[in-house]
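Its first residue numbered 1, the sequence shown is counted upward by one per residue in the UniProt record's numbering. Notes follow the structure.
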Amino acid sequence: MVCVCNATYCDTLDPLVLPAPGYYVKYESSKAGKRLERSEGKFQHKLCAPDVVLTLDTTQRFQRVKGFGGSVTDAAAINILSLPERAQDLLLRSYFSEEGLEYNLIRLPMASCDFSLHAYTYDDVPYDYELTHFALRDEDTKLKVTSGREQGGVQGSQGGSQLSEPLHLLLQIPLLHRASAMSKRPLSLYASPWTSPTWLKTSESYVGKGTLKGQAGDKYHKTWANYFVRFLDEYAKHNVTFWAVTAENEPTAGLINNYPFQCLGFTAEQQRDFIAQDLGPALANSSHRHVQLIILDDNRLHLPHWARVVLEDEEAARYVHGIGIHWYLDFIGPIQDTVLPTHELFPDYFILATEACIGAHFWERDVILGCWERGNQYSHSILTNLNHFVSGWTDWNLALDLEGGPNWVKNYVDSPIIVDSSEGIFYKQPMFYHMGHFSKFIPEGSQRVGLVASRESKKTALEYTAFLRPDGAVVVVLLNR
1 MVCVCNATYC DTLDPLVLPA PGYYVKYESS KAGKRLERSE GKFQHKLCAP DVVLTLDTTQ
61 RFQRVKGFGG SVTDAAAINI LSLPERAQDL LLRSYFSEEG LEYNLIRLPM ASCDFSLHAY
121 TYDDVPYDYE LTHFALRDED TKLKVTSGRE QGGVQGSQGG SQLSEPLHLL LQIPLLHRAS
181 AMSKRPLSLY ASPWTSPTWL KTSESYVGKG TLKGQAGDKY HKTWANYFVR FLDEYAKHNV
241 TFWAVTAENE PTAGLINNYP FQCLGFTAEQ QRDFIAQDLG PALANSSHRH VQLIILDDNR
301 LHLPHWARVV LEDEEAARYV HGIGIHWYLD FIGPIQDTVL PTHELFPDYF ILATEACIGA
361 HFWERDVILG CWERGNQYSH SILTNLNHFV SGWTDWNLAL DLEGGPNWVK NYVDSPIIVD
421 SSEGIFYKQP MFYHMGHFSK FIPEGSQRVG LVASRESKKT ALEYTAFLRP DGAVVVVLLN
481 R
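So this is what it looks like as structure tokens:
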């Protein structure tokens, strides 16, 4: 099941209109082809009770929602800008506008990741401890930022090999402005670094096992902390501000021998000390002191250990706001053994799902167009997370090509939107519609409430959650696998 979109057609949703008292609105997606299909009904007082009864209890209150969204990687930007401009707009509207999924979270890699055309950072001039040569990837910033929209389709459609060094700025910033302009909800951006400049690393390489040289408090760690501040400074010059940064994408990746793409290793103890002595003070003493700091940003099986190490240290904990989790090893880290005890230990820190995609494991096919089960996997993960105190869920690449790239190390995966630039079209997959059942109806500030199943319904494969929205409406999301 897919929707094929081009420059002249893409399915849309009507802006949400709340039902009158005594009525409900239902949106349904199905393997048979329903795509967020709307219908209305009236509550009945005298129904023969079916086997399955869900009872709403709005007096039971749990966590508040931060939101839902996806990531603007270099690859996502290249794919979006490879389309004709009208199709680009329809793709962005599909995610961010009232006629789409109304995403409010955007994750941005801080410089390159595996979903880039090559490895780079913002200061690849060796031993530049003052970050004198720090620059977003563009020599003629003003020209490219102002003309990014007009040039985008042309630049992108040349194919990967033609997109040279200044790619990052040219692609990302105009897209962020366009997404923001079509979004009724305020967007919350957060950034994650994959690697520091190689001259700060023990490996002196973007890839493979390697940590920062030296120890917390020294010039290597201070330079790396200042790099975050410079990143925020430079984006601010282009009217892009951030809600949060994560201390490092998958810090345990850089502890693995021969790791194949950009990484920077930290143990929990090293992250604690880096935050307490370097990153926390650098952010707090900058003009970006409002930017929130997220720890871990790695697979949840590191919980609750990672959180205990960092957050039981008063110096580090005072700078931290939340904990980020990835889904890739969920099958060996059950949520009740990882996330739940973390929330119980540290209820004042939000937990946010910061990355997920399908196709990353060697046994999974990269792209399977129209795969309904992959949509089910998204919904199952989101429901499980929401029901265990997680405050939001961020997908990985917003859009990829038919191969699941580009990716400089060929680590191809699937995405809710797949772009075929040769035909000027894009495919909205089941994962896209599954995401919409959450992002469109559960806005930021919603609070999870009680939803209790009758004994009979516990025997079914039904998964469900309920939220009270800021406007007083209640949203129930049901997954019947």
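Think of the CB as a built atom: it goes at the ideal place given N, C-alpha and C, for glycine as much as any other residue. All figures in this text were calculated on a predicted structure; none of them were measured in a lab.
Compute the distance between the beta-carbons of Gly210 and Leu279, then report whether it is under 8 Å. no
Please confirm if the region 82-97 is in contact with the region 124-138, defined as three or more CB-CB distances below 8 Å between the two stretches. no
Is DSSP giving Thr223 helix, strand or coil here? helix
Classify Asp74: buried if its beta carbon has 16 or more other beta carbons within 10 angstroms, exposed otherwise. buried
Go to Ser188, then tell me how far its beta strand (DSSP E) extends in each direction, as first and last residue. 188-193
Measuring alpha carbon to alpha carbon, tell me which residue in Tyr206, Thr246, Pro186 is nearest Pro193. Thr246
Element boundaries [alpha helix (DSSP H), containing Ile80]: 74-81
Roughly how many angstroms separate the alpha carbons of Val474 and Tyr24, rounded to a whole number? 10 Å
Could you tell me the alpha carbon to alpha carbon distance between Asn385 and Trp327, rounded to whole angstroms? 10 Å
Check Thr121 in the structure and name its three-state DSSP category. coil
What is the DSSP secondary structure of Ile351, reduced to helix, strand or coil? strand
Roughly how many angstroms separate the alpha carbons of Ala225 and Arg318, rounded to a whole number? 16 Å
Under the three-state DSSP convention, the category Gly280 falls into: helix
For Ala399 and Ala76, which I take to be in contact (beta-carbon distance under 8 Å), what is that distance rounded to the nearest angstrom? 5 Å
Nearest neighbour of Leu479, chosen from Glu248, Thr8, Glu444, Ala461 [CA to CA]: Ala461
Between the Cα of Val17 and the Cα atoms of Phe274, Ser94, Arg38, Lys34, which residue gives the shortest distance? Arg38
Under 8 Å, with one C-beta from each stretch per pair, do the region 218-232 and the region 105-123 reach the 3-pair mark? yes
Is the CB-CB distance between Thr342 and Ile351 below 8 Å? yes
Would you say Gly67 touches the ligand MG, meaning its beta carbon is less than 7 Å from a heavy atom? Because no ligand of any kind appears in the structure shown, any question about the ligand MG cannot be addressed here.
What do you get for Lys66, buried or exposed, if any count of 16 or more other CB atoms within 10 angstroms of its CB means buried? buried
Nearest to Gln292 (by Cα), restricted to the options Phe432, His321, Pro347: His321
Could you name the residues of the same chain whose beta carbon sits closer than 6 Å to that of Phe467, not counting the 5 residues immediately before and after it, in chain order? Ile442, Ser446, Arg448, Val475
Is Val475 helix, strand or coil by DSSP? strand
Quick one: what's got a C-beta closer than 6 Å to Leu143's C-beta in the same chain, skipping five residues either side? Model confidence at Leu143 stands at a pLDDT of 24, short of 50, so the residue's coordinates are unreliable; what they give is reported in the following sentence. Excluding sequence neighbours, Leu143 sits near nothing in its chain.
Which listed residue (Gly324, Thr132, Ala268) has its alpha carbon closest to that of Glu234: Thr132
Does the region 389-399 touch the region 351-360, meaning 3 or more C-beta pairs lie closer than 8 Å? yes
Return the bridge partner residues of Gly333 from the DSSP annotation. Beta-bridge pairing links Gly333 to no other residue.
With C-beta atoms as the reference, is Gly214 less than 8 Å away from Tyr206? no
Close beta carbons around Asn411, own chain, < 6 Å, minus the five adjacent residues each side: Asp114
What is the DSSP secondary structure of Glu98, reduced to helix, strand or coil? coil
Considering only C-alpha positions, which residue in the set Leu187, Glu85, His302, His290 is nearest to Tyr9? Glu85
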